[in-house]
Amino acid sequence: MRKDAKLNCPYYLDNAATTKMSEKCAQVMQNYACEAFYNPSAGYGLAISVAKEMATAKKSLLNKLGAAKGDIIFTGGATESNNLAILGSLRNGNWEYVFSAGEHPSVYNVALHLKQLGFIAHIIPLQVNGQVDYEALEKVLNEKTRLISVMHVSNETGAINDLVKINNLRNKYCPKALFHSDGVQAFCKLLYNLDSIGVDLYSISAHKFHGPKGVGALYVKNKQALKNIIYGGGQEGGLRSGTENMPGIMAMVAACNMAKVKENYEHVKAVRKSFLDVFINEKGVSFIETDSPFIVSVSFTGVNGETLMRVLENEVIVSTGSACSAKYAGNRILQEIGLSVERIKSSIRVSFDTEMSEDEAAQAGGIILHKYQELREKVK
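Each residue of the sequence shown is one higher than the last, beginning at 70 in this note's numbering.
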């Protein structure tokens, strides 16, 4: 969206990387930083009052997640939540750990680290539609499986994994295993209910839904299943020591409470269609058909995706993939689903938000198409 026409700001289409924090959240942060600034672990009345507000905040998140039972552990973001879920689940013994190949680096790199430490860590391939290969997953599950970690929505393609199906496989082959999902690209964007899905651990990050950076949470169905990976004063039930980031926590919950998930989903679905309709007659443009309307991977034949991104950045901001992987060559996820090297190199990731209108999406798409056609002519 154009934040200020006077400043000629570009259209922003990298919402999977981060979203603009809402003014309401900024006001909440200021209040808890400058007015209700007390440490919730302190013993005097004003601090106890803040601690009670934090407890209410946890209930709000549980309600939004659709979880009647369980706990919320506040963290510094999804990377920490994912690490806590996985490393906090490790146990001595001949256990096995299962991950999808489509995971965010904060899960995938932990899986590789487990392998280096000598743990048995299975990495399950993806299907061409971006979802985890359920048949391959089924083959590795057994009574020794300690943890299954499969993300809810792919941050690269928008593919939505069937968590209910995975939970059913867990219950069939390894009912005592823990089931973790990285829900960063799903929370406050898709309609779902954690109680119906059956996950034990679920990670979220505030800055993906108009909250502040540097704060997130881990849903934990049963705290006894986890061990802490940070040592300190014993905050968050002993699972995440450190003074709680009250300004960030309360702003995150404010953003969560403001999210109108059903209405936003339908709006973004229309925005995505308006954007893609611009390219409908352009033979050189193709995209991956996935379920989430918030993210789409688009390929532009004959043009380098990074070059297109750079040429566009004064008018339309897009990316070539996850911001956490931006320093590395290639795209691991697109490789996993079988795209050719040429198509991967010509791809950009476009991610939408509720603040963009259908007309703005079409205008942004028109700019991208024009720049693409100009570049393609130059490289002929």
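Backbone N, C-alpha and C define an ideal beta-carbon position, used for all residues, glycine too.
In this structure, DSSP gives glutamate 204 a helical state, which the three-state scheme calls helix. Here the alpha carbons of glycine 307 and leucine 183 stand approximately 24 Å from one another. If you compare the alpha carbons of Lys342, Val354, Lys352, Ser355 with that of glutamate 429, the shortest gap goes to Lys342. By alpha-carbon distance to glycine 285, the top candidate from Leu259, Asp251, Asp264 is Asp251. For glycine 285, there is no enclosing alpha helix (DSSP H); the enclosing beta strand (DSSP E) covers residues 285-289. Taking the C-beta atoms as reference points, leucine 131 is found nearer than 9 Å to tyrosine 288. Per DSSP, isoleucine 155 is one residue of the alpha helix (DSSP H) stretching across 147-156. Considered as a whole, the stretch 183-228 harbours 189-193, 214-218 as its complete beta strand (DSSP E) runs of no fewer than 3 residues, in chain order. With contacts defined by Cβ atoms closer than 9 Å, leucine 159 and arginine 215 form a contacting pair. If you check the CB distance, asparagine 151 and serine 218 come in under 9 Å. At least 9 Å separates the beta-carbon of isoleucine 357 from that of glycine 162. Threonine 144 counts as buried, since at least 16 other C-beta atoms from the protein chains shown sit within 10 angstroms of its C-beta. Listed in chain order, the non-local C-beta contacts of serine 361 below 6 Å within the same chain comprise Val222, Gly227, Ile229, local neighbours out to five positions each way being set aside. In the structure shown, leucine 247 falls within a strand segment according to DSSP collapsed to helix, strand and coil.
For phenylalanine 344, the enclosing alpha helix (DSSP H) has its first and last residue at 330-346. Here the alpha carbons of alanine 95 and proline 316 stand approximately 9 Å from one another. In the three-state DSSP reduction, valine 97 falls in the helix class (H, G or I). Between isoleucine 235 and valine 201, the C-beta spacing is below 9 Å. Below 8 Å, too few C-beta pairs join the stretch 328-344 and the stretch 113-127 to call them touching: fewer than three.
When the beta-carbon positions are compared, isoleucine 318 and glycine 157 stay at least 9 Å from each other. Assignment of isoleucine 417 by DSSP, reduced to helix, strand and coil, places it in the strand class. Proximity of the stretch 371-391 to the stretch 342-352 falls short of the contact definition, fewer than three beta-carbon pairs being nearer than 8 Å. Comparing C-alpha distances from alanine 86 to each of Leu115, Asn373, Ala147 shows the shortest one belongs to Ala147.
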